[in-house]
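Same order as they appear, the protein sequences are chains A and B. In terms of the working numbering, the first sequence is residues 15 to 428. In terms of the working numbering, the second sequence is residues 23 to 250. First up is the structure itself, then whatever we jot down about it.
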Amino acid sequence: MSVQFAIAVTHLVSRKRPTLVSLAGIALGVAFFLAVSSLMRGSERDFIKRLVDNSPHLTVYDEYRNPQPQPATLRWPDGAVELRRVKPLREVRGIRGHAQKLAFIESLPGLRAAPVLVGSVVLTFAGRSEGVTLSGIVPAKMKGVSTIEDKMTQGSLNALAVNPNGLIIGEGLAKKFGASMGAVINTVSPAGEPRALKVVGIFRTGNANYDDTQTFALLKRVQGLLDRPDRVNRFILQFDDPYAAREAASLIEARIGYKAVSWQEASEDLMSVLLVRNLIMYSVVSAILVVAAFGIYNTLSTIVMEKVHDIAILKSMGFHARDIRRIFLAEGVLLGLVGSSLGLGLGLGLMALLAQVEIKPPGATELIHLPIYWGYDQYLLALGFALISAVGAAVLPARKAARVQPVTILRGMG
Amino acid sequence: MNPILAAEHLGRVLPGEVPVTLVQDVTLEIGSGEFVAIMGPSGSGKSSLLYLLGLLDTPTSGRVWLEGRDTSGFGEDELAATRLAKLGFVFQFHFLLAEFTVLDNVLLPMRRLSARPEDEARQRAADLLQQFGLGDQSHKRPHQLSGGQRQRIAIARALANDPLVVLADEPTGNLDSRAAANVRQILHDLTRDLGKTVVAVTHDPTFASVADRRVGIVDGRIDPDWQV
């Protein structure tokens, strides 16, 4: 232990009350920082979980982010001739080479992917017609990327897997048609052949629009109905860690060329609202630590004033100005470290306490627990803020102490 | 005589609206092993001269030579390093660190210099205290001891790094006559037994009488005619 550090420790230990008050300030600051941060971040995660669970984490579309250049433009990039109304080659729309592309996506860790062909069809049943969205799916893969299986009120995705002419509809549509399980519904698309499909499952998500207009059938069947053989136009991805979606989106888009939209991109407006909310929250809780830093400043300034003779004798003895500065900076660091360690313990206690709290929101039927975020980044943030405030508070007293001129003090005594 | 500490036309003026001259044109040579008493009336500038000789203050004119080296070009760090290794100070007030034990107070300069391993430094500190009759007090706090004992601890601290010169500013000014006699004897023994050079500011005539040489200071100048 260096002599400077020994002096620093002695200064703090010999002034128990101011030291404890400074420590309490930092400890309470860190504890509140953690409690508020864990609650806010927890509720944010809770909100996002609801947001992302009901939609894919990442969707790859059969579109390009920027339109493909025309062949004439590629051939004569500086040409003055403009060709209008150039018709692209007649081509069945969809993701080209989807099997290899899907294989590539599935080779990435921590995600599940499912191919989908989405199209519009008209369903006719008992004299009524409804235009709906029909998604052609592979049931085994769909289970990995969607919560639809949990939302089935009758039948299941497995029933679709074994019945090539099966159809799954939402509860809203079933009510409109007055159709129940086993009903045979006529399906027509603008391109392909009409076909009669049998209802093998009914789901209810709670989102009325979705329950009214979304239907599922087997991928092969939908490819036939829409006359797009061996085509898919979407990949739907689900991640173990939803926050990995944004990075994966740019990787996938760079690799396969098609537009890949993560849930973060799709709900950018909400994400920026959450970011602003976090900024406000962290400014407020950091302000607590800044206030606590004034306690440290006060304590250290008092020590410098009380110990001016000690400083004078140390300097006359041959201690450098920087030795003196280090003593007081070390006191700031010590108060910051010990205070924030105490605060960490206190904060964890508060968080555990908050996690026990049960509330019943108005209109809800179940008790819910407060959502608490336990991520380590907020501890680092709290420690960082606490240490910066503590050292910042020590800078001025340390500089003042380092500038003490022993002769000035000695003359004053004589 | 080979001077260990010398002042050459030394002057110190405190700047301000009305500049105050503390020391002017002092030329002085102090030999190794000499015991010099600087004397003079209150406010004559004798303490200021001691601070200049001890490299605590920087002169506005002239220079201080230590061991034949001109110190006028030294930066603040080099001055501090020189004070640490070569000079020892004893003041009128003991200036011991109240929260540290007697032993730790004596250890402070050695720990800062860190020329000796810790156990050797502790041994040396204990020996110094023993030498001044404080061997059994080493784990007490300064406030538990008498004024004379504290001043002896301050002397032990000044000697910790085995300095060339011990500078004392009214070392007996705050002591009763018995304690003063004891401190006087110790400083005297330093020159006789250990070959240290001692420069002491005092207005105690008894103290001055045991010195090898007396230098009178009046109005910041050396006054050869000054008598107690």
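Beta carbons: idealized from backbone N, C-alpha and C, even for Gly. Everything numeric in this text was worked out from a predicted model, so none of it was measured.
Can you give me the C-alpha to C-alpha distance between residue i and residue j, rounded to a whole angstrom?
| i | j | result |
| --- | --- | --- |
| Ala307(A) | Leu401(A) | 9 Å |
| Gly111(A) | Val176(A) | 26 Å |
| Val322(A) | Leu314(A) | 12 Å |
| Gly90(B) | Thr49(B) | 15 Å |
| Pro178(A) | Ala274(A) | 30 Å |
| Pro204(A) | Gly158(A) | 31 Å |
| Thr73(A) | Pro32(A) | 59 Å |
| Ala213(B) | Phe117(B) | Note that residue 213(B) is Thr in the sequence shown, not Ala. Cα to Cα, Thr213(B) sits roughly 23 Å from Phe117(B). |
| Arg163(B) | Ala326(A) | 20 Å |
| Leu119(B) | Asn127(B) | 6 Å |
| Arg336(A) | Val205(B) | 34 Å |
| Leu151(B) | Ala203(B) | 18 Å |
| Arg59(A) | Tyr387(A) | 8 Å |
| Gly389(A) | Ser52(A) | 8 Å |
| Leu186(B) | Lys108(B) | 5 Å |
| Pro385(A) | Ile317(A) | 44 Å |
| Leu75(B) | Gly406(A) | 38 Å |
| Leu7(A) | Gly361(A) | No information on residue 7(A) is available, as it lies outside the stretch 15 to 428 that chain A covers here. |
| Val305(A) | Ala103(B) | 39 Å |
| Ile239(B) | Leu71(B) | 9 Å |
| His334(A) | Glu98(B) | 8 Å |
| Ala201(B) | Ala230(B) | 16 Å |
| Arg174(B) | Phe154(B) | 7 Å |
| Ile52(B) | Leu424(A) | 23 Å |
| Val35(B) | Gly62(B) | 19 Å |
| Ser264(A) | Leu284(A) | 20 Å |
List the residues of chain A whose Cβ lies closer than 8 Å to the Cβ of residue i, in chain order.
| i | result |
| --- | --- |
| Ala178(B) | Those do not exist, as Ala178(B) stays about 13 Å from chain A at its closest Cβ, beyond 8 Å. |
| Gln106(B) | Looking at the sequence itself, residue 106(B) is Leu, so the reference to Gln does not match. Here the neighbours are Met331, Gly332, Phe333. |
I'd like the span of the beta strand (DSSP E) that includes residue i, first residue to last.
| i | result |
| --- | --- |
| Trp87(B) | 83 to 88 |
| Tyr75(A) | 72 to 75 |
| Pro25(B) | 25 to 36 |
| Asn172(A) | It is not in any beta strand (DSSP E) - Asn172(A) instead sits in the alpha helix (DSSP H) that spans 171 to 176. |
| Gln46(B) | 42 to 53 |
| Ser276(A) | 274 to 276 |
| Ala38(A) | Premise fails: Ala38(A) lies in the alpha helix (DSSP H), 30 to 67, not in any beta strand (DSSP E). |
| Ile239(B) | 235 to 240 |
| Val223(B) | 219 to 223 |
| Ala59(B) | 57 to 61 |
Please list, in chain order, the chain A residues whose beta carbon lies closer than 7 Å to that of residue i.
| i | result |
| --- | --- |
| Ala137(B) | Within 7 Å Cβ-Cβ: nothing; Ala137(B) doesn't reach chain A, min ~12 Å. |
| Ala28(B) | What Ala28(B) touches in chain A: nothing, since even the nearest Cβ is about 20 Å away. |
Specify, as a first and last residue, the run of the alpha helix (DSSP H) that residue i falls within.
| i | result |
| --- | --- |
| Leu293(A) | 282 to 320 |
| Ala86(A) | 85 to 89 |
| Met132(B) | 124 to 135 |
| Thr229(A) | Where Thr229(A) is concerned, there is no enclosing alpha helix (DSSP H), although the beta strand (DSSP E) it sits in stretches over 228 to 232. |
| Thr229(B) | Checking the sequence shown, residue 229(B) turns out to be Phe, not Thr. Start and end: 227 to 232. |
| Phe342(A) | 335 to 370 |
| Leu78(B) | No alpha helix (DSSP H) contains Leu78(B), which DSSP labels as neither H nor E. |
| Val405(A) | 391 to 416 |
Can you pull the chain B neighbours of residue i, defined as C-beta to C-beta under 8 Å?
| i | result |
| --- | --- |
| Leu424(A) | Ser69, Tyr73, Leu78, Phe113, Asp191 |
| Ser52(A) | None at all; the shortest Cβ gap to chain B is about 40 Å. |
Assuming residue i contacts residue j (C-beta within less than 8 Å), just tell me the rounded distance between them.
| i | j | result |
| --- | --- | --- |
| Leu174(A) | Val214(A) | 6 Å |
| Leu233(A) | Val152(A) | 5 Å |
| Leu252(B) | His161(B) | This structure does not reach residue 252(B), given that chain B is present from 23 up to 250, and the question cannot be answered. |
| Phe139(A) | Ile216(A) | So it is not a contact: roughly 13 Å between Cβ atoms. |
| Thr219(B) | Leu27(B) | 7 Å |
| Gln267(B) | Gly242(B) | No answer is possible for residue 267(B): the residues shown for chain B start at 23 and end at 250. |
| Val11(A) | Ala396(A) | Because chain A spans 15 through 428 in this model, residue 11(A) falls outside it and cannot be assessed. |
| Leu251(A) | Ala127(A) | 5 Å |
What does residue i touch in chain A if you count any residue whose Cβ is under 9 Å from its own?
| i | result |
| --- | --- |
| Asp99(B) | His334, Ala335, Arg336 |
| Leu119(B) | Ile21, Thr24, Lys321, Asp324, Ile327, Leu328 |
| Phe122(B) | Ala20, Ile21, Thr24 |
| Ala59(B) | Result: empty, since nearest Cβ-Cβ is about 17 Å, beyond 9 Å. |
| Ala103(B) | Gly332, His334 |
Check the Cβ of residue i against every Cβ in chain B and list those closer than 7 Å, keeping chain order.
| i | result |
| --- | --- |
| Pro420(A) | Leu78 |
| Val17(A) | Leu130, Arg133, Arg134 |
| Ser28(A) | Glu121 |
3 or more residues per run - each beta strand (DSSP E) lying fully within the segment 138 to 204 of chain A: 142 to 151, 166 to 169, 180 to 184, 198 to 202
Entirely enclosed alpha helix (DSSP H) segments - the segment 154 to 203 of chain B, minimum 4 residues: 169 to 180
Start-end ranges of the alpha helix (DSSP H) lying completely within the segment 205 to 272 of chain A, minimum 4 residues: 222 to 227, 233 to 239, 259 to 270
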